[in-house]
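Asker: What follows is a single structure, and I will ask about it in a moment.
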Amino acid sequence: MAAPATGVFLYAPKVVRDYLVSVLDSDIRVATKDPATRPAKLVRITTAPVGGGSNVALSPRRLIIQCYNADEAVAGELAETVCAHLISARYVQGNGIRDVTVVGTPARFDDPDDKTWIRFQMTVDVLLRAVFTT
Numbered sequence: 000m001a002a003p004a005t006g007v008f009l010y011a012p013k014v015v016r017d018y019l020v021s022v023l024d025s026d027i028r029v030a031t032k033d034p035a036t037r038p039a040k041l042v043r044i045t046t047a048p049v050g051g052g053s054n055v056a057l058s059p060r061r062l063i064i065q066c067y068n069a070d071e072a073v074a075g076e077l078a079e080t081v082c083a084h085l086i087s088a089r090y091v092q093g094n095g096i097r098d099v100t101v102v103g104t105p106a107r108f109d110d111p112d113d114k115t116w117i118r119f120q121m122t123v124d125v126l127l128r129a130v131f132t133t
């Protein structure tokens, strides 16, 4: 008897980063860590633990999405745009994202150590589809 196929989940921040890069304007930098020099518009994606993971085909991942700009309105609009694109991601074939749940909507959440940039933050759960190997 052959062993069952094994599903491997791609790194969620990269999956979401690749999707956002494909839908956002080219002047918006999407990264998984802070760049050495912060661009005018930055979207940063990090992970947080979430329960689940017993399904071999689908698995949830929790992401913290932070949007930065020196201007509050620009940072807020960037966060709302990112949120809208993430909600729509479940309808885009081939991106690996099967569902998106916004756990925490975009809200201003400034970094106390950085007074020059306005930061908006949201928390989203993405349901990823495994890539199967035989």
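The sequence shown runs 0 to 133 under numbering that gives the first Met the number 0. Using N, Cα and C, we set each Cβ at its ideal position, and we do this for glycine too.
If you draw a straight line from the alpha carbon of Ala109 to that of Ala35, how long is it in whole angstroms?
Answerer: Indexing the sequence shown from 1 puts residue 109 at position 110. Indexing the sequence shown from 1 puts residue 35 at position 36. With the sequence shown as reference, residue 109 is identified as Asp, and Ala is not the correct amino acid for it. Computed Cα separation, rounded: 19 Å.
Asker: By the DSSP assignment, the beta strand (DSSP E) with Asp17 in it spans what residues?
Answerer: Taking the first residue of the sequence shown as 1, we reach residue 17 at position 18. That residue, Asp17, is in no beta strand (DSSP E); its alpha helix (DSSP H) goes 11 to 22.
Asker: From the DSSP secondary-structure annotation, give me the bridge partner or partners of Lys40.
Answerer: In the sequence shown, the residue the question calls residue 40 occupies position 41. DSSP, once it has assigned bridges, lists Ile27 as partnering Lys40.
Asker: Checking the sheet assignment: what are the DSSP bridge partners for Thr100?
Answerer: Position 101 of the sequence shown, counting from 1, holds the residue named residue 100. BP columns for Thr100 point to Asp124.
Asker: Give the straight-line distance between the Cα atoms of Arg60 and Val81, rounded to the nearest whole angstrom.
Answerer: Indexing the sequence shown from 1 puts residue 60 at position 61. Indexing the sequence shown from 1 puts residue 81 at position 82. When rounded, the distance between both Cα atoms is 17 Å.
Asker: What would DSSP say about Ala49, mapped onto helix, strand or coil?
Answerer: Mapped onto the sequence shown, residue 49 falls at position 50. Before going further, note that residue 49 is Val rather than Ala in the sequence given. Coil at Val49, not helix or strand.
Asker: Give me the residue from Thr5, Thr115, Arg107 with the minimum Cα distance to Asn54.
Answerer: Counting from one through the sequence shown, the residue named residue 54 turns up at place 55. When only C-alpha atoms are compared, the closest one is Thr5.
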